[in-house]
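J.: Numbering (my numbering), first residue to last: 170 to 666.
The C-beta atom is built at its ideal place from N, Cα and C for all residues, glycine as well.
This is the structure:
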């Protein structure tokens, strides 16, 4: 590809949109535009107006173009665009393509009862994982659709189209209703076993397949071209390639060079609003403890997500009147910072827990214990991800593989120290900070080049966006691990591991 070819990778997350203008040949970030989102809701509710995402995309692209122009590069250099979006959100559109109501977001826990009912109705967790790779929990789109049918039937009845957040934006760009296997696999009505929507599951939730987008072979497949109207709104050339795009976790995997043409069975821990662990694998995951997703390139992405990570720890720091970096090891204190319920383990009605206080306990130790509670929770999930990849998490060769640490928390000294101490693994902290957007850019580059979508991983691996600082392992803190695990086992009714 020409050295001056530019592609745009869009990261439309829970809180904001980032548009990364990327040199398609080298993966170098040339310009980045950002715009915030607005999330509303109290208690278990978390909603956003999808139109806010589109306005934020327009603003982010405009800011990126302005920065690009300052470097002497015009919009005519842009040849492709792809969107990576927050997973699971339920977007319901009317016949004009306008949202019927605000979207239900992934971290909206009101659909927990519907998730439990769906699980039992099909015959239990194993019946679901055999088909979709995942068991319905409150975050999954099928549970949200069922909640909508029961609690807002007028909106469900008015639905002329049902989309995921990234699907909604892709359709605005290309005028084509399309998704990819990765994001579709987070709905619980797409089967990773068959690679298509499951008619029986659609019947189970009362959803007509005609309301859903078609599924492209990969996230890097070209599904259309930027329409004239979208081009006018964005200030981009009409007709440039629009890739199918994918979910944010799948795009991060692409940005790290994980997949069939890159690294397989190498673990990633993302420290963001949620704590996420995943690995790309050729082994189809079917564990009730995991989300058994498809990846954007035709492989699989076993993943576990905890609801409470950096945001929860920051809240504890705020309550204690401390800077987040003022933490110390927790000592005897255990904090389970489940301030928004919890997804892994599946405790949607949970709240935060503090135990083990002594007269000698300090605020700094309580904050450190919040870090430890969040990290132990997500590392326990990591062990299950490695098992799903066919790896023994306790085997020396598995433990020797660097744990790639990404997300906002990877910039925090105490987050890194706590993960290092409680995992006992070598860490690799990639230098690139916009991995979701870079993964989306690789999908856009593949689409613009007319390549098979699976080649996006090979392209991103060549960019070396997953390289960075390496930290040697330290002795694992098993005392803290066992203390936190025993409390977690007691409150969740499960044996500590």
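To the nearest angstrom, how far is it from the Cα of residue 207 to the Cα of residue 219?
T.: About 10 Å.
J.: Buried or exposed: where does residue 240 fall if 16 or more other Cβ atoms within 10 Å of its Cβ makes it buried?
T.: Residue 240 should be labelled exposed.
J.: Should residue 279 and residue 212 be called a contact, given that it needs their Cβ atoms to be closer than 9 Å?
T.: Contact flag set, yes.
J.: Can you name the residues that DSSP bridges to residue 191?
T.: According to DSSP, which records beta bridges pairwise, residue 191 is partnered with 176 and 198.
J.: Could you spell out where the beta strand (DSSP E) holding residue 599 opens and where it closes?
T.: Unbroken beta strand (DSSP E) run through residue 599: 596-599.
J.: The alpha helix (DSSP H) that contains residue 221, what's its start and end?
T.: 219-239 is the extent of the alpha helix (DSSP H) around residue 221.
J.: Tell whether a beta-carbon distance below 9 Å holds between residue 434 and residue 385.
T.: Cβ atoms of residue 434 and residue 385: not closer than 9 Å.
J.: Could you check where the alpha helix (DSSP H) with residue 639 kicks off and where it finishes?
T.: From DSSP, residue 639 is part of no alpha helix (DSSP H) but of the beta strand (DSSP E) over 637-640.
J.: How long is the line joining the alpha carbons of residue 493 and residue 409, rounded to whole angstroms?
T.: Rounded to whole angstroms, residue 493 to residue 409 spans 44 Å at the Cα level.
J.: Which term fits residue 636, buried or exposed, when burial requires 16 or more other beta carbons within 10 angstroms of its beta carbon?
T.: Residue 636 comes out exposed.
J.: Can you give the Cα-Cα distance for residue 235 and residue 660, rounded to whole angstroms?
T.: So the two alpha carbons sit approximately 52 Å from each other.
J.: Specify, as a first and last residue, the run of the beta strand (DSSP E) that residue 611 falls within.
T.: Not the beta strand (DSSP E): residue 611 falls in the alpha helix (DSSP H), residues 604-617.
J.: Under three-state DSSP, which class holds residue 461?
T.: Three-state result, residue 461: strand.
J.: For residue 664, count neighbouring C-beta atoms within 10 Å of its own C-beta (all shown protein chains included) and say buried if the count is 16 or more, exposed if not.
T.: Note that residue 664 scores 46 on pLDDT, short of 50, meaning its location in the model is unreliable; the coordinates nonetheless yield the value given after this. Exposed, since its Cβ has fewer than 16 Cβ neighbours within 10 Å.
J.: If you follow the alpha helix (DSSP H) that residue 424 is in, where does it begin and where does it stop?
T.: Element bounds for residue 424: 417-424.
J.: With a Cβ-Cβ cutoff of 9 Å, do residue 261 and residue 253 count as a contact?
T.: No, Cβ-Cβ distance for residue 261 and residue 253 is not below 9 Å.
J.: Measuring CA to CA, which of 182, 228, 323 and 318 is closest to residue 333?
T.: Minimum Cα distance to residue 333 is reached at 182.
J.: Between which residues of its own chain and residue 667 is the CB-CB distance below 7 Å, once the five residues before and five after are set aside?
T.: Within the shown structure, residues of the chain are numbered from 170 to 666, placing residue 667 beyond reach of any answer.
J.: Give the DSSP-derived three-state secondary structure of residue 644 in the structure shown.
T.: In the structure shown, residue 644 sits in coil (DSSP, three-state: anything other than H, G, I, E or B).
J.: Does the Cβ of residue 580 have 16 or more other Cβ atoms within 10 Å, making it buried, or fewer, making it exposed?
T.: The residue in question, residue 580, is exposed, as its Cβ has fewer than 16 Cβ neighbours within 10 Å.
J.: Can you tell which of 649, 573 and 344 has its C-alpha closest to the C-alpha of residue 140?
T.: Here the chain covers residues 170 to 666 and nothing more, so residue 140 does not appear.
J.: Taking buried to mean at least 16 other C-beta atoms within 10 Å of its own C-beta, is residue 276 buried or exposed?
T.: So residue 276 counts as buried.
J.: For residue 399, collect the residues of the same chain with a Cβ closer than 7 Å to its Cβ; drop the 5 residues on either side in sequence, then sort them by chain order.
T.: Around residue 399: 341 and 342.
J.: Please state whether DSSP places residue 649 in a helix, a strand or coil.
T.: Of the three classes helix, strand and coil, the one that applies to residue 649 here is helix, per DSSP.
J.: If you drop the 5 nearest sequence neighbours on each side, which residues of the same chain put their C-beta closer than 7 Å to that of residue 652?
T.: Correct list, in chain order: 503.
J.: Using a Cβ-Cβ cut-off of 6 Å (strictly less than) and excluding sequence neighbours within five positions of residue 634, which residues of its own chain qualify?
T.: Only 196, 424, 601 and 607 meet the Cβ criterion.
J.: With a threshold of 6 Å on Cβ separation, who are the neighbours of residue 345 within its own chain once the five nearest residues in sequence on each side are excluded?
T.: Excluding sequence neighbours, residue 345 sits near 392 and 393.
J.: Please determine if the region 520-528 and the region 439-452 are in contact, where contact requires at least 3 C-beta pairs separated by less than 8 Å.
T.: Contact fails: fewer than three Cβ-Cβ distances are below 8 Å.
J.: In its own chain, which residues sit with a C-beta less than 7 Å from the C-beta of residue 227, not counting the 5 before and 5 after it?
T.: Here the set comprises 402 and 403.
J.: Pick helix, strand or coil for residue 170, following the three-state DSSP scheme.
T.: Per-residue confidence for residue 170 stands at a pLDDT of 38, beneath the threshold of 50, marking its modelled position as unreliable; no derived number is given.
J.: Would you report the Cα separation of residue 135 and residue 372, rounded to the nearest angstrom?
T.: What is shown of the chain runs 170 to 666, which leaves residue 135 out entirely.
J.: What whole-angstrom Cβ distance do residue 318 and residue 311 have, given they're in contact under 8 Å?
T.: About 11 Å; that fails the 8 Å criterion.
J.: Find the nearest neighbour of residue 407 within the set 245, 630, 192 and 222, judged by alpha-carbon distance.
T.: Checking every option, the nearest Cα to that of residue 407 belongs to 245.
J.: Decide if the region 609-622 is in contact with the region 580-596; the criterion is three or more beta carbon pairs, one per stretch, under 8 Å apart.
T.: Result no; under three Cβ-Cβ pairs closer than 8 Å.
J.: Determine the direct distance from the alpha carbon of residue 524 to that of residue 429, and round the result to whole angstroms.
T.: About 45 Å.
J.: According to DSSP, is residue 511 helix, strand or coil?
T.: Strand.
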